[in-house]
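Heads up: the sequence shown at position 312 corresponds to 311 in numbering that gives the first Met the number 0, and the numbers run straight through without jumps. For glycine and all other residues, C-beta sits at the position ideal for the given N, C-alpha and C. Just so it is clear, the structure is predicted and the values come from calculations on it, not from any experiment. Scroll down for the structure; my scribbles are underneath it.
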Amino acid sequence: MRKQSGQTSPRGRVNRSTRTNPEGVSLVKKEKLKLGTTPPQLAKPLKSALKKGTAGQHYVRDPTPSIIYEQRMHTPRRGQAYADDTADSSLEQTPESLSQISSIMPVDDSTMMSTFHRQSKVQNQSQSDTTWEMAVDRARGEPDGAETSFRKKSPHDSPRTSKSKKLEAISEEAESPGTDKENSKKKLQSQRCMKVPLKQAGKKLKSLKTLKSKKALETSRLSGKSKSKRKFDETLPDETIVPKKAKLTWKEKKKERKMVKNNYDLIQTAKGIWEELRRQNLTAERRQQLCKDMHSKVQGKVKELAVVHDSARIIQCLVQYGSPEQRAAVLEEIKDHIVDLCKNKYAKFIIRKLLKYGSKPQKALIIKAFHGHVRKLIRHKEASDIVEYAYNDFANALQRLFLLEEFYGPAFSMFKTHTTRSLDDVLLEQQDKIPMVMHNLKETLLPLIDKQILAHSMVHKIFFDFFKYADESLRKDMIEALRESVIHMLHTREGARVAMACVWHGSAKDRKVMIKSLKGHVVKICKEEAGHLALLAMFDVVDDTVLVQKVILDEILKNLTEVMSDNHGRKVLLYLLVRRDQAFFCPDIIHVLQLGDANTTSKKDPAVRAHELRDYVSGPLIKYLKENAKDLIMNSSTSLLVPAIAAHATGDMTEVLETVANIVVESSTASSGQEKKKDAPVCIVEDVAGHMTVKKLIMSDRQRMLDGDPVLFSSVLLNAASSATLKSWAASNRGCFILVNLLEVDSPEVTAQLKAQMAPLKKYLKKMTFKGAEILLQKLDGQQTSRPKSQPREISL
């Protein structure tokens, strides 16, 4: 059984298991004391405690005094007597002030106590504990459980006064004499004071949050505010009615926002003039008057109006339609702020208009303003467009060099000369500066590897200069950083050359990454004037032909019609068939492609690589030619593809040759015996493109004979043509030359068959006056003609 409170252990110590909970609620008797009264059993201890106390000390009150203090009084402790034995009976009055109460039990200001501190609490507790509790209760006059922090604060209490009170309490505590035992008692007492009210407050807040909605909380707060206002300000009415603001439409709200801004009236007036000025049907006199009125209104405020979206359009219109004097006035106001205006997404268009419509000195002034800021402007999202526009469309060679010199190093941007025209000239005069220039270029170009910045031709020129003079180590680092972004540079000449350099000098991994980055854009690159050269470079040096077939060739073959209809796309197909044949490609292009032959990465034989690619595309090309032979032959742009496919594609060409021969014969038969009309069918032999196609097909029989191919287009054509068809060919100059080409194949079977069919037509040929009939007669008679054999010509598509 648990011992009753007040019992002692055999050793004379108080049994701690019989003590009450630290909150101060009695487990034996829950009877509450009346406010302002002191129990008889506590009167004497209270007097003695007040006699011993010191004025001005801090105190903390336990909010729930109970009968347990009475039990502690009657419990004897080791080395202590009852407090009433030493009490002074002369003090009969209960203390009323806080200073008197603080003299009873000085406590520390700390309200928190660790478990260790709680365990190290002194067992001996004097009778003054009870006296201190009752004195506080007497002086405060508040019910048990009340706490200072939960009292209703006066509006006159400020955070500063509460802070000062705390500081005074701390200073009083420091001055008050007390032992460590007393301090530990005070901390425990203060913790008891705080624990129960905090728990109760937390429960109340939680119930309020769960039961009240947001609207109810707002209502309660408003009512509380109004009550507090009425309490301290009696002049306020009982109910304050706030007038509701009328609901505005979106346009009205927008107008209100604009009216707050500066220059609202000026912008509205100028916009009225702008609405009329931008019309196309204005007379010159009226437009001149409107420009004069607008300039008089915006004069002196151009910079302010240039950064606003609607007023910026007004200034643009003034620059476009205004007089040279008005443009000069506008430029005069903003000439010191050109760099800042280029960075604004509205004002940059004013600079663009000045570049387009301004005079030559005005354009030079704007370009000169960029000096010293080019490296920063080219990396800005808005300003890079203006710098590129000025460099690409209006700058001359010297101005372009001045813009590019900032990338070569600080020495070039500071000390400018007017004799050089390019980096080649600079490095030719100062060859010792090549390492410095290359190092500066590398540090400058690495931050420019961005999707938006790489689209500018100005950046392409800088990269091209870098790859032209960089050594192997610098080139390797730049390729590794640039390989995924090469696709954004293929639309300019310098950008395509940079891509070709990356393909030539990159590793196998670099080439693989670059090829994969082209996926989905191959058809567009094929149609680029400069971009298709990068594909030709890949066909030349990439050993992984399987990767090239899957990524590049498959996409081309799926869109053959689109690729064949473009001039540059046809070059890609021709390069796969004939590679560097000068009959189809310009010598300059072949020279550029030969620069990559010396690369150290490629290991496969170029002839083997070309043969693998040709085999892959031959089947689809033969099929496409068979289905669209007539359209390809009659089109002067695609006619050269027909002899190239027939001569160089690998596979059975019998059906294709028969199809082409039948089309040629049918067109000759349909057009013979009819008068020349606009809608009359055209004979392929008489057509310019058709005649060239048939001629090249016949001349390709020589190579077939050397390759041992049993099928010749000449024999197929003679078998399909009747005597009437040959007679119609002999009646025209171009037809006679087709017959001459058949005799020049030097095939015994073709020559014998053609002479046998043309013998009855000799008498008609003698009557012809054109050159083709004369040469044909000489060939049929076996005479040596003075006409040289046709040589392959250099044709640039």
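- As the crow flies, the alpha-carbon of glycine 707 is around 18 Å from that of proline 642.
- For threonine 668, the three-state secondary structure derived from DSSP is helix.
- Annotation for tyrosine 263: Lys257 place their beta carbon closer than 8 Å to its own, counting only its chain and skipping 5 residues before and after.
- For the pair isoleucine 555 and valine 545, the CB atoms are not nearer than the 9 Å cut-off.
- Rounded to whole angstroms, tyrosine 468 and phenylalanine 462 show a C-alpha spacing of 10 Å.
- Between the alpha carbons of valine 541 and serine 713 lies a gap of roughly 38 Å.
- Proximity to arginine 496 across Tyr320, Lys375, Leu517, Ala533 peaks at Ala533, based on C-alpha coordinates.
- The three-state secondary structure of serine 731, taken from DSSP, is coil.
- Lysine 246 is not a Cβ neighbour of leucine 265, given a cutoff of 9 Å.
- Shown here, isoleucine 448 sits in coil according to DSSP, grouped into three states, outside any helix or strand.
- Taking C-alpha positions only, glycine 530 is separated from tryptophan 728 by approximately 43 Å.
- Inclusion of lysine 526 and histidine 567 in the CB contact set at 9 Å is warranted, their separation being smaller than that value.
- Residue Ala500 holds the alpha-carbon nearest to the alpha-carbon of alanine 597 among Ala396, Ala500, Pro409, Arg278.
- Remark: three or more beta-carbon pairs, one from each stretch, lie closer than 8 Å, so the region 643 to 654 and the region 618 to 635 are flagged as touching.
- Membership of histidine 567 in the alpha helix (DSSP H) is indicated by the continuous run 566 to 577.
- With a 10 Å radius around the Cβ and a threshold of 16 neighbouring Cβ atoms, arginine 733 comes out buried.
- Per the coordinates, the alpha-carbon of isoleucine 588 lies some 12 Å from the alpha-carbon of arginine 578.
- Assignment of aspartate 708 by DSSP, reduced to helix, strand and coil, places it in the coil class.
- Check the Cα spacing between phenylalanine 583 and each of Lys557, Ser636, His379: the tightest is with Ser636.
- By the 16-neighbour rule on beta-carbons within 10 angstroms, arginine 374 is exposed.
- For alanine 305 against isoleucine 349, the beta-carbon gap comes to about 5 Å, under 8 Å, which counts as contact.
- With 16 or more other Cβ atoms from the protein chains shown falling within 10 Å of its own Cβ, phenylalanine 736 counts as buried.
- The shortest C-alpha to C-alpha distance from glutamate 657 to any of Leu696, Lys770, Pro619 is the one to Leu696.
- Taking a cut-off of 8 Å on C-beta distances, the region 398 to 411 does not touch the region 474 to 482, as fewer than three cross pairs fall below it.
- Taking the Cα positions, valine 687 is about 29 Å away from proline 709.
- In this structure valine 684 touches serine 667 by the C-beta definition: roughly 6 Å separates them, less than 8 Å.
- Aspartate 686 sits in coil when the DSSP states are folded into three classes, being neither helix nor strand.
- Residue nearest to valine 329 within the set Lys344, Lys291, His308 is Lys291 (criterion: CA-CA distance).
- In the structure shown, threonine 658 adopts helical secondary structure according to DSSP, grouped into three states.
- A residue is called buried once 16 or more other Cβ atoms fall within 10 Å of its Cβ, and valine 259, having fewer, is exposed.
- Ranking Thr599, Ile337, Ile366 by CA distance to the CA of asparagine 395 puts Ile366 first.
- Annotated three-state conformation of asparagine 280 is coil, per DSSP.
- When the Cα atoms are used, lysine 515 and serine 601 turn out to be separated by approximately 18 Å.
- Between the region 651 to 665 and the region 602 to 609, the count of Cβ pairs shorter than 8 Å is below three; the stretches do not touch.
- Taking C-beta atoms under 8 Å as the contact rule, lysine 342 and glutamate 381 qualify, at a distance of about 6 Å.
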